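*Asks:* The structure that follows is given in the form of structure tokens.
Number of protein chains: 2
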Amino acid sequence: MPKGVKGDVKAGLGAEDVVDTALRMVERDGAEALTMRRLADELGTAVTAIYWHVGNRDALVELLVARLLEEMGDVHAKGPDHRTRVAGLVHELRQRLLARPHLIALADQRGLTPAMFQPVQAALADELAAMGVTGKEAGEVIQILQCHVVASVVLARTLERSRSHEGTDPEVWDGRVSDPALVAALATAPDLDRAFGLGLDALLDRLLPRKPERTRATRA
Amino acid sequence: MPKGVKGDVKAGLGAEDVVDTALRMVERDGAEALTMRRLADELGTAVTAIYWHVGNRDALVELLVARLLEEMGDVHAKGPDHRTRVAGLVHELRQRLLARPHLIALADQRGLTPAMFQPVQAALADELAAMGVTGKEAGEVIQILQCHVVASVVLARTLERSRSHEGTDPEVWDGRVSDPALVAALATAPDLDRAFGLGLDALLDRLLPRKPERTRATRA
DNA sequence: ACCTGAACACCGTTCAAGT
DNA sequence: ACCTGAACACCGTTCAAGT
Numbered sequence: 066m067p068k069g070v071k072g073d074v075k076a077g078l079g080a081e082d083v084v085d086t087a088l089r090m091v092e093r094d095g096a097e098a099l100t101m102r103r104l105a106d107e108l109g110t111a112v113t114a115i116y117w118h119v120g121n122r123d124a125l126v127e128l129l130v131a132r133l134l135e136e137m138g139d140v141h142a143k144g145p146d147h148r149t150r151v152a153g154l155v156h157e158l159r160q161r162l163l164a165r166p167h168l169i170a171l172a173d174q175r176g177l178t179p180a181m182f183q184p185v186q187a188a189l190a191d192e193l194a195a196m197g198v199t200g201k202e203a204g205e206v207i208q209i210l211q212c213h214v215v216a217s218v219v220l221a222r223t224l225e226r227s228r229s230h231e232g233t234d235p236e237v238w239d240g241r242v243s244d245p246a247l248v249a250a251l252a253t254a255p256d257l258d259r260a261f262g263l264g265l266d267a268l269l270d271r272l273l274p275r276k277p278e279r280t281r282a283t284r285a
Numbered sequence: 066m067p068k069g070v071k072g073d074v075k076a077g078l079g080a081e082d083v084v085d086t087a088l089r090m091v092e093r094d095g096a097e098a099l100t101m102r103r104l105a106d107e108l109g110t111a112v113t114a115i116y117w118h119v120g121n122r123d124a125l126v127e128l129l130v131a132r133l134l135e136e137m138g139d140v141h142a143k144g145p146d147h148r149t150r151v152a153g154l155v156h157e158l159r160q161r162l163l164a165r166p167h168l169i170a171l172a173d174q175r176g177l178t179p180a181m182f183q184p185v186q187a188a189l190a191d192e193l194a195a196m197g198v199t200g201k202e203a204g205e206v207i208q209i210l211q212c213h214v215v216a217s218v219v220l221a222r223t224l225e226r227s228r229s230h231e232g233t234d235p236e237v238w239d240g241r242v243s244d245p246a247l248v249a250a251l252a253t254a255p256d257l258d259r260a261f262g263l264g265l266d267a268l269l270d271r272l273l274p275r276k277p278e279r280t281r282a283t284r285a
């Protein structure tokens, strides 16, 4: 039993409370708004009290990322065959990360991106093992898939921040290309979902062992 | 005028000079070290002088990105066939971006990432047109390839910042997976070059029209 | 053990004032 | 037109001091 008894809310705030309201702030006003002084205001304490419980800002962010990560829950595979289960796991990881932009922002801020990898590793490993892919080879496959996910997620965040400069300035094209449909297409924001799905599909074709029988899953 | 100046250059500094020394600072001490006050010190002026020439910090960063981008030069295609030329262009873009981590950091800071796309767009469009891919379709292919590049580059930067937490903490694996070779592989930093190359190759297979001669298992 | 206030060393930005 | 100093509103962090 470390310290503190359950029941009474009482005077002291703990690291838990700090993380709680910090998280609330981040979700309400964005990761940039999380400042030690503002957090102190929200908590109704002096700035310096936070330092006693949490260490410093970096440590706080680390706690927030851990919390957000555990809230993401476990990802489990679904689908008839291994291939669609692996694809499902990867899509699911991406989807959950995209649903938590604060997580990404915070992790990015403190260089905790690799932590975002973890939730699916075990599930992917199981699935691959069932396909006969193990050891170093499985590790590489997992890493490549993770890179695909996180790259897509980080890119999404990066592009999100640049809503002002949408697409390419058409002026750059003067005299270089005379294909109005192309220019128009490039001026549109890229469809990241599509790019991700296409890339994933292509990667799986390369990385997963093909079934000896038939690849066309038209069987009943 | 007690303002000591060397040479017959005009006494005043211009936006050019500000950008010059700002760039020098960024290359020497990193993008984080670029601060208005430090820049003023380096220039030997008051902080506020910078504001007169450049507006504010965001505008300065924008100028820096533009400068860095134009220093990157044009990318032109090489290779015997269209496919290897396209691949070459994409690889070249990634390589040049990776060689300018400051550019990425600055662009990231100010949401100017889309600007990094531009250098290869015209070259890619030419190459695709020569393959018969034009208009909206070409635009989509270009965007997907660009996403692949920038995602890889941004991911590289993100992972670079987290050298402290290398790979996955082995503790997470307790009881979940008992494959030492896999765990070891996951603990290693991912090989981004390999991941990029693999993904690019897979993407090109999907996106580029196949030559009539090389018909594989694809039967109609 | 827990919390406070004051203080330090930074930020970006504005503005009246100087030349 | 070009540059300055002072000032404002912020940061994160430390530390001696209170309870």
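In the order they appear, the protein sequences are chains A and B. Numbers 66 to 285, taken from the working numbering, label the letters of the first sequence in order. Numbers 66 to 285, taken from the working numbering, label the letters of the second sequence in order. Glycine included, C-beta positions come from ideal geometry on N, C-alpha and C. Given the structure is predicted, the values throughout are model-derived calculations rather than measurements.
Taking 7 Å as the CB-CB cut-off, is glutamine 208 of chain B touching chain A?
*Replies:* Yes, its Cβ sits closer than 7 Å to a Cβ of chain A.
*Asks:* Counting only beta-carbon atoms, is histidine 230 of chain A nearer than 7 Å to chain B?
*Replies:* In this prediction, histidine 230 of chain A has a pLDDT of 47, which is less than 50 and means its spatial position is unreliable; nothing more can be read from the coordinates.
*Asks:* Find out if the Cβ-Cβ distance for the pair methionine 137 of chain A, arginine 161 of chain A is shorter than 7 Å.
*Replies:* Their beta carbons are under 7 Å apart, which means methionine 137 of chain A touches arginine 161 of chain A by this criterion.
*Asks:* Quick one: grab the DSSP three-state call for methionine 137 of chain A.
*Replies:* If DSSP states are grouped into helix, strand and coil, methionine 137 of chain A belongs with coil.
*Asks:* State the DSSP-derived secondary structure class of proline 166 of chain A, mapped to helix, strand or coil.
*Replies:* Proline 166 of chain A: helix per DSSP, three-state reduction.
*Asks:* Give me the chain B residues within the contact set of glycine 204 of chain A, using Cβ-Cβ distance strictly less than 9 Å, ordered along the chain.
*Replies:* Residues of chain B passing the Cβ test: Asp244, Ala246, Leu247, Val248, Ala249, Ala250, Leu251, Ala252 and Thr253.
*Asks:* Within the continuous alpha helix (DSSP H) that includes lysine 201 of chain A, where are the two ends?
*Replies:* Run containing lysine 201 of chain A: 200-225, per the alpha helix (DSSP H) assignment.
*Asks:* Measure the Cβ-Cβ separation of valine 140 of chain B and alanine 188 of chain B and say whether it is below 7 Å.
*Replies:* Yes, the Cβ-Cβ distance between valine 140 of chain B and alanine 188 of chain B is below 7 Å.
*Asks:* Which chain A residues sit within Cβ distance under 7 Å of aspartate 173 of chain B?
*Replies:* Those within 7 Å of aspartate 173 of chain B in chain A are Thr223.
*Asks:* Taking the CB atoms as reference points, tell me whether arginine 122 of chain A and methionine 101 of chain A lie closer together than 7 Å.
*Replies:* For arginine 122 of chain A and methionine 101 of chain A, yes; Cβs fall inside 7 Å.
*Asks:* May I have the straight-line CA-CA distance separating proline 145 of chain A from methionine 90 of chain A, to the nearest angstrom?
*Replies:* In a straight line, the C-alpha of proline 145 of chain A is about 42 Å away from that of methionine 90 of chain A.
*Asks:* Evaluate contact between the stretch 253-260 of chain B and the stretch 203-214 of chain A, counting only Cβ atoms and requiring at least three cross-stretch pairs below 8 Å.
*Replies:* Touching, per the Cβ criterion.
*Asks:* With a threshold of 7 Å between beta-carbons, can alanine 220 of chain A be considered close to chain B, or not?
*Replies:* Per the sequence shown, the amino acid found at residue 220 of chain A is leucine instead of alanine. Closer than 7 Å: yes.
*Asks:* When you compare only the Cα positions, how much space is there between glutamate 157 of chain B and alanine 246 of chain B?
*Replies:* Spanning the two alpha carbons is a distance of roughly 34 Å.
*Asks:* Starting from alanine 267 of chain A, find everything on chain B with Cβ-Cβ shorter than 8 Å and list it in chain order.
*Replies:* Neighbours of alanine 267 of chain A on chain B, chain order: Gly264, Ala267, Leu268, Asp270 and Arg271.
*Asks:* Take arginine 271 of chain A as the anchor and find which of B:Gln183, B:Leu273, B:Pro274 and B:Ala267 has the nearest alpha-carbon.
*Replies:* Comparing Cα-Cα distances from arginine 271 of chain A to each of B:Gln183, B:Leu273, B:Pro274 and B:Ala267, the minimum goes to B:Ala267.
*Asks:* Helix, strand or coil: which one does DSSP assign to aspartate 256 of chain A?
*Replies:* Correct three-state label for aspartate 256 of chain A: coil.
*Asks:* Would you mind working out which of A:Thr110, A:Val126 and A:Leu251 sits nearest glutamine 186 of chain B, comparing C-alpha positions?
*Replies:* Comparing Cα positions, the closest option is A:Leu251.
*Asks:* Given that a residue counts as buried once 16 or more other Cβ atoms are within 10 Å of its Cβ, and exposed if not, what is glutamate 192 of chain A?
*Replies:* Per the 10 Å Cβ criterion, buried.
*Asks:* Beta-carbon separation of proline 179 of chain A and serine 227 of chain B under 7 Å?
*Replies:* A contact, by the Cβ cut-off of 7 Å.
*Asks:* Measure the C-alpha to C-alpha separation of aspartate 85 of chain B and aspartate 82 of chain A and round it to an integer number of angstroms.
*Replies:* Cα to Cα, aspartate 85 of chain B sits roughly 47 Å from aspartate 82 of chain A.
*Asks:* Take isoleucine 115 of chain A and list the residues in its own chain whose beta-carbon comes closer than 8 Å to its own, dropping the five residues that flank it on each side.
*Replies:* Excluding positions up to five away in sequence, the list reads Val83, Met101, Leu104, Ala105, Leu108 and Leu125.
*Asks:* Do you know how far the Cα of glycine 77 of chain B is from the Cα of valine 219 of chain A?
*Replies:* Computed Cα separation, rounded: 42 Å.
*Asks:* Measuring only between beta-carbons, confirm whether threonine 199 of chain B sits less than 7 Å from chain A.
*Replies:* At least one chain A Cβ lies under 7 Å of threonine 199 of chain B.
*Asks:* What does the alpha-carbon distance come out to for the pair arginine 97 of chain B and glutamate 97 of chain A?
*Replies:* Note on residue identity: the sequence assigns glutamate, not arginine, to residue 97 of chain B. Roughly 16 Å between the two C-alpha positions.
*Asks:* Does DSSP classify leucine 99 of chain A as helix, strand or coil?
*Replies:* The answer is coil: DSSP assigns leucine 99 of chain A none of H, G, I, E or B.
*Asks:* Measure the CB-CB distance between valine 214 of chain B and arginine 159 of chain B and report whether it falls below 7 Å.
*Replies:* Yes, these two residues count as a Cβ contact at 7 Å.
*Asks:* Using C-beta distances below 8 Å, list every residue in its chain close to alanine 111 of chain B, excluding the 5 sequence neighbours before and after it, in chain order.
*Replies:* Excluding positions up to five away in sequence, the list reads Ala105.
*Asks:* For alanine 282 of chain A, decide whether its Cβ has a neighbour in chain B, counting only Cβ atoms nearer than 7 Å.
*Replies:* With a pLDDT of 47 at alanine 282 of chain A, under the threshold of 50, the modelled position of this residue cannot be trusted; read the value that follows with caution. No, alanine 282 of chain A lies away from the interface with chain B (no Cβ there is under 7 Å from its Cβ).
*Asks:* Where threonine 253 of chain A and threonine 223 of chain A are concerned, what is the direct C-alpha to C-alpha distance, given to the nearest angstrom?
*Replies:* Taking the straight line joining both Cα atoms gives about 16 Å.
*Asks:* Can you tell me whether leucine 129 of chain A is helix, strand or coil according to DSSP?
*Replies:* Helix.
*Asks:* So the alpha helix (DSSP H) phenylalanine 182 of chain A belongs to, where does it begin and stop?
*Replies:* First-last of the alpha helix (DSSP H) with phenylalanine 182 of chain A: 178-182.
*Asks:* For chain A, is any of its Cβ atoms less than 7 Å away from the one on alanine 216 of chain B?
*Replies:* Alanine 216 of chain B counts as touching chain A.
*Asks:* Quick one, which of A:Pro184, A:Lys143 and A:Pro274 has its alpha-carbon nearest valine 130 of chain A's?
*Replies:* If we check each option's Cα against that of valine 130 of chain A, A:Pro184 comes out closest.
*Asks:* Applying the criterion that 16 or more other CB atoms from any shown protein chain within 10 Å of the CB defines a buried residue, is serine 217 of chain B buried or exposed?
*Replies:* That one is buried.
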